[in-house]
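Protein sequences appear in the order of chains A and B.
The opening position of the first sequence corresponds to residue 1 in UniProt numbering, with each subsequent residue numbered one higher.
The opening position of the second sequence corresponds to residue 1 in UniProt numbering, with each subsequent residue numbered one higher.
C-beta: ideal position from N, C-alpha, C; glycine also.
All values reported here derive from a predicted model rather than from experimental measurement.
Number of protein chains: 2
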Amino acid sequence: MTTGIAHEIKALTFDVFGTVVDWRSSVIREGEQLNQAKGLNVDWARFADEWRAGYAPAMNRVRQGELPWTKLDDLHRMTLDQLLIAFGIADQLDEDEKAHLNRVWHRLTPWPDSVEGLLQLKQRFILATLSNGNVSLLVNMARHAGLPWDCVLSSELAGHYKRDPEVYHMAANLLSLNPSQILMVAAHQDDLQAAHREGMRTAFVKRPLEFGPDATPDLSIDPCFDFVAEDFLDLARQLS
Amino acid sequence: MTTGIAHEIKALTFDVFGTVVDWRSSVIREGEQLNQAKGLNVDWARFADEWRAGYAPAMNRVRQGELPWTKLDDLHRMTLDQLLIAFGIADQLDEDEKAHLNRVWHRLTPWPDSVEGLLQLKQRFILATLSNGNVSLLVNMARHAGLPWDCVLSSELAGHYKRDPEVYHMAANLLSLNPSQILMVAAHQDDLQAAHREGMRTAFVKRPLEFGPDATPDLSIDPCFDFVAEDFLDLARQLS
């Protein structure tokens with residue numbers, strides 16, 4: 001069955017944070033450099049986890065109309081400012097240092113298979129992001145990490161955050177494709193379930209280390225997944 | 001003065017039709033192949049010129065509210081259908097052939113300096129389209145022609161066609177830059193004048209052959225141009 005599906009697919013749209021890039025290790029690495037440079041003693045694993053934990057509640061404030069449309073960069077900064085106080089280092093960083101730290105999300109490192117997998121997939125399919133990251137964040141990340149997107153699509157273009165259906169509709173509309181010609185690729189069940197509801201095809205890529213070596217992320221397979229892959233190289237093999 | 005400006009610039013946005021790609025030769029070449037394949041006798045130079053001449057009036061119907069937002073692909077098709085009748089070949093092409101011909105705008109060939117110039121410019125600047133072509137047209141063209149965009153920006157994302165100011169605002173907003181950090185690159189005075197009015201920097205690139213060997217396009221230099229270049233390699237030199 002999946003072979004038939006692969007022939008229909010024209011474009012792949014990718015969740016980015018956790019699916020393409022390893023946000024947690026990247027934040028920890030830059031944070032530890034900051035510890036050294038500034039003589040701090042922050043637990044950056046905990047900091048990274050709490051920063052990421054602030055993501056869904058911040059987006060929900062936009063979704064529920066409590067905030068107008070706000071770029072993810074600005075939501076990240078609101079959470080960062082709270083964490084800098086909570087971790088007792090708000091006075092030890094100046095504005096330029098805080099702005100630079102906030103843009104760590106522009107400098108995330110890909111999983112080891114990501115770039116090579118994307119290059120293989122690009123030979124046959126249009127590759128686009130479909131991320132809650134704002135456009136400039138995704139563009140800077142792609143330049144930094146060498147991610148070969150054909151097109152940067154973002155929730156920002158829909159004025160809605162995933163998992164709102166408008167985001168998936170926007171992708172199909174801008175790519176001038178039927179949803180069934182698009183394969184949504186993500187490491188997160190709910191993102192794929194939402195894409196499936198809008199008629200897109202789905203590929204679950206396991207990223208067991210997204211939340212660190214001690215976490216036990218949900219790797220369960222939903223019946224709505226058209227493909228399940230160990231990594232992007234495995235996905236490229238299955239789609240070839 | 002221009003050296004100081006070059007240091008402020010973070011991103012280059014490009015007009016595409018005529019500035020990056022040679023639409024006229026590409027349409028003529030594919031048309032002549034169609035003459036051969038179908039035993040037609042169409043003057044494709046005249047056909048290309050009339051197709052392009054239909055572009056501004058078609059966009060103006062959208063701008064003036066006579067049509068709702070309509071992708072350039074669909075405006076091209078409306079003009080194509082009229083021209084197929086006018087040239088007496090509407091009955092000699094089936095629907096698949098007409099749809100394929102309409103997508104010739106996805107398969108335009110770059111000017112000889114375009115790809116190498118963009119690769120040089122990409123080392124230092126974010127490169128984005130800022131075209132009236134719809135997103136899928138620009139994505140397909142980039143894949144076909146090897147255009148190394150960091151980001152595909154289109155009038156479609158603003159719901160307005162150039163030279164409406166909303167298009168230039170959209171680019172600055174999505175790139176998270178001030179207009180003065182963006183250099184608009186185009187072969188057309190009015191596009192650059194409109195970008196200048198919105199605070200963007202401007203680079204005029206001469207494309208004397210855009211309208212064919214017998215045309216005498218307007219190559220006059222407006223005082224609002226920050227850079228004037230012979231081609232993209234020359235522009236890369238001036239910005240280095």
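Chain B places no beta carbon closer than 8 Å to that of Ile182 of chain A, leaving this residue out of the contacts. Closest in alpha carbon position to Asn102 of chain B, among B:Val115, B:Thr79, B:His196, is B:Thr79. Cα atoms of Pro165 of chain B and Met184 of chain B: separation of roughly 13 Å, rounded to the nearest angstrom.
Annotation: the continuous alpha helix (DSSP H) that includes Val62 of chain B extends over 55-63. In the DSSP assignment, Leu108 of chain A is bridged to no other residue. Cβ proximity to chain B below 7 Å picks out Ile126 from the region 110-132 of chain A. Our two residues, Arg201 of chain A and Trp23 of chain A, have alpha carbons roughly 25 Å apart in a direct line.
Taking the Cα positions, His196 of chain B is about 41 Å away from Val42 of chain B.
Leu235 of chain A counts as buried, since at least 16 other C-beta atoms from the protein chains shown sit within 10 angstroms of its C-beta. In the same chain as His76 of chain B, and ignoring 5 residues on each side of it, the C-beta atoms closer than 7 Å to its own belong to Asn102, Trp105, in chain order. Against chain B, the CB of Leu157 of chain A has a partner CB under 8 Å away; the residue lies at that interface. The contact set of Asn134 of chain B on chain A, defined by CB atoms closer than 9 Å, consists of Leu174, Ser176 in chain order.
Your pair Leu137 of chain A and Leu127 of chain A does not check out as a contact, with CB atoms roughly 17 Å apart and the cut at 8 Å. Secondary structure note for Phe225 of chain B: it is in no alpha helix (DSSP H), with a DSSP letter that is neither H nor E. Interface annotation, Cys224 of chain B: not in contact with chain A, CB-CB separation never under 8 Å. Note on geometry: alpha-carbon atoms of Gly146 of chain A and Asn132 of chain B lie some 27 Å from one another. Secondary structure at Leu12 of chain B: strand, using DSSP grouped into helix, strand and coil. Using a 10 angstroms sphere on the CB of Thr216 of chain B, the tally of other CB atoms stays under 16, which defines it as exposed. In the pairwise beta carbon analysis, the region 185-193 of chain B is classified as touching the region 222-238 of chain B: at least three pairs are separated by under 8 Å.
Between the region 79-94 of chain A and the region 47-61 of chain A there are three or more C-beta pairs closer than 8 Å, enough to call the two in contact. When C-alpha distances from Phe47 of chain B are compared across B:Arg29, B:Leu219, B:Val62, B:Gly199, the shortest belongs to B:Arg29. Shown in chain order are the members of the region 138-155 of chain B whose Cβ falls below 7 Å from a Cβ of chain A: Val139, Ala142, Arg143, Asp150, Cys151, Val152.
Nearest CB-CB separation between Asp73 of chain A and chain B: below the 8 Å threshold. Along the length of the region 193-220 of chain A, whole beta strand (DSSP E) runs at least 3 residues long occupy 201-205, reported in chain order. About 19 Å separates the beta carbons of Val139 of chain B and Asp15 of chain A, which is beyond the 8 Å limit, so they are not a contact pair.
In the structure shown, Leu118 of chain A falls within a helical segment according to DSSP collapsed to helix, strand and coil. A distance below 8 Å between beta-carbons, with the five flanking residues on each side excluded, links Glu198 of chain B to the following residues of its chain, in chain order: Pro165, Tyr168, His169, Ala172, Pro179. Linking Arg143 of chain A to Ile89 of chain B through their CA atoms gives a straight-line distance of about 47 Å.
Separation of Pro110 of chain A and Val20 of chain A (C-alpha to C-alpha, rounded to the nearest whole angstrom) is 6 Å.
Exposed is the label assigned to His7 of chain B, since fewer than 16 other Cβ atoms lie within 10 Å of its Cβ.
Between the alpha carbons of Phe125 of chain B and Leu239 of chain B lies a gap of roughly 10 Å. If you draw a straight line from the Cα of His188 of chain A to the Cα of Arg207 of chain A, it is about 9 Å long.
When the five nearest sequence neighbours on each side are left out, the beta carbons in the same chain lying within less than 7 Å of the beta carbon of Asn134 of chain A are those of Lys71, Leu72, Asp73, Ser154, Glu156, in order along the chain. With 16 or more neighbouring CB atoms inside 10 Å of its own CB, Ile9 of chain B falls in the buried class.
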